[in-house]
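Positions in the sequence shown are counted from 1; adding 222 to them yields my numbering. Every residue, glycine too, gets a C-beta built ideally from N, C-alpha and C. Computed from a prediction, not measured in an experiment: that's the story for all the values here.
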Amino acid sequence: MSYKHLTHEERFTIETLNCKKYPYGKIAEIIGRAPSTVWRELKRNSHANRSYDSELATKMTKQRASQASCRASRIPPESWNYVDEKLSTQQWSPEEISGRMKKDGLKAMSHETIYRRLWAHKKTGGTLHTHLRHKIGTYRKRDSPRERRGHIPGQRCISTRPKEIEDRTRFGDYEMDTVIGLQSGPVLVTIADRRSRRSLLVKAEDKSAHAVSTAIITALGPYRKEAHTLTFDNGKEFAMHQLIDEILETTSYFAHPYHSWERGLNENTNGLIRQYFPKRTDFSKITDEQIYEVQEKLNNRPRKCLGWYSPNEVFSNPTAIVALPC
């Protein structure tokens with residue numbers, strides 16, 4: 223069901239019931255709205271003394287809408303063109319677009335303004351909103367207790383990693399994962415640098431430890447001198463970590479079972495990848511050129527955690543940014 227603004231009658235009912243100390247859930251039930259709608263209305267449109275007046279609330283809502291319309295009309299066409307281009311060709315989020323505009327010499331706008339434009343565009347039959355990154359479920363049930371993954375020999379626990387890895391003070395500390403398409407066949411190996419957030423994407427023939435280790439060694443070969451550590455989850459596809467360490471001269475660590483947040487960078491990266499390669503993608507039909515194109519889209523995408531610089535910018539100019547927020 224699409225969202226509709228509260229009517230004056232609904233606001234009057236909220237005012238009456240709120241005065242009688244009705245809980246948000248009960249008010250929502252009576253007017254047929256979500257409890258979050260009632261909570262948001264009382265939070266945004268109440269007096270400073272926390273009392274709520276339906277007449278004033280209606281006026282405040284209209285005033286905000288009018289101000290937003292005026293602000294949008296003052297934004298030059300080149301800024302809107304920038305929004306349309308980054309959204310439709312690069313699949314940037316409204317927040318990423320907003321954060322980057324000023325760096326690119328354009329009049330900036332808030333991500334809320336961009337969202338309002340997208341929904342207005344949708345109402346007139348536009349399709350820009352289809353390029354938004356939609357929330358999706360977990361791409362695989364890796365953390366399911368039903369999965370018997372077995373023990374991988376020679377594991378080092380993530381809790382023993384040096385502090386400099388946690389602090390992201392250097393390049394060459396990587397997080398690894400795999401993105402699964404079909405139940406069998408090729409998989410996508412994702413390699414993300416913790417400091418720059420730069421990603422390498424490479425296709426493995428299948429999910430076997432041999433195929434995945436070969437893909438990792440191939441991808442990191444050109445960066446061997448800069449590679450320090452690798453962090454994996456407990457998937458059996460990473461069982462040959464000792465061979466990888468021997469060839470790349472790295473040190474491997476493993477996250478605790480069912481602790482996906484310990485590799486938050488990988489989890490976020492894989493979520494972005496799913497914007498381009500949805501669940502059940504047949505990677506046997508995806509070329510290396512297509513994978514590289516997605517890799518570079520990710521690496522040229524501005525990140526809030528990098529002060530709206532892109533991973534490629536940070537990687538190619540290591541002294542340009544003195545301190546990177548985590």
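Kindly indicate which three-state DSSP category residue i falls into: helix, strand or coil?
i	result
E388	helix
F413	At residue 413 the sequence reads Ile, which differs from the Phe that was named. DSSP places I413 in strand when its eight states are reduced to three.
F476	strand
F234	helix
A461	coil
K357	Here the model assigns K357 a pLDDT of 40, short of 50, so the residue's position is not dependable, and the following value carries that caveat. Coil at K357, not helix or strand.
S406	coil
R362	Residue confidence is low: R362 scores 41 on pLDDT, short of 50, so the model does not pin down where it sits. Its coordinate-derived value is still stated next. Coil at R362, not helix or strand.
E471	coil
K425	strand
Can you tell me whether residue i is buried or exposed, with buried defined as 16 or more other CB within 10 angstroms of its CB?
i	result
T346	exposed
K526	exposed
K324	exposed
R485	buried
L520	buried
D455	buried
What does residue i pair with, by DSSP beta-bridge criteria?
i	result
E397	A414 and T453
Y274	S268
Y531	R525
C379	F476
What are the start and end residues of the alpha helix (DSSP H) that includes residue i?
i	result
L442	A431 to L442
A342	H333 to K345
L309	P299 to Q312
Using 8 angstroms as the threshold, is the C-beta distance between residue i and residue j below it?
i	j	result
T202	Y475	As shown, the chain starts at 223 and ends at 548. That puts residue 202 outside it, with no answer to give.
G321	W530	yes
R419	L528	yes
L228	E263	yes
K329	I297	yes
R355	F393	no
Q313	Q497	yes
V434	A441	no
I438	I413	yes
At what residues does the beta strand (DSSP E) containing residue i begin and finish?
i	result
K248	No beta strand (DSSP E) contains K248, which is instead part of the alpha helix (DSSP H) from Y246 to I253.
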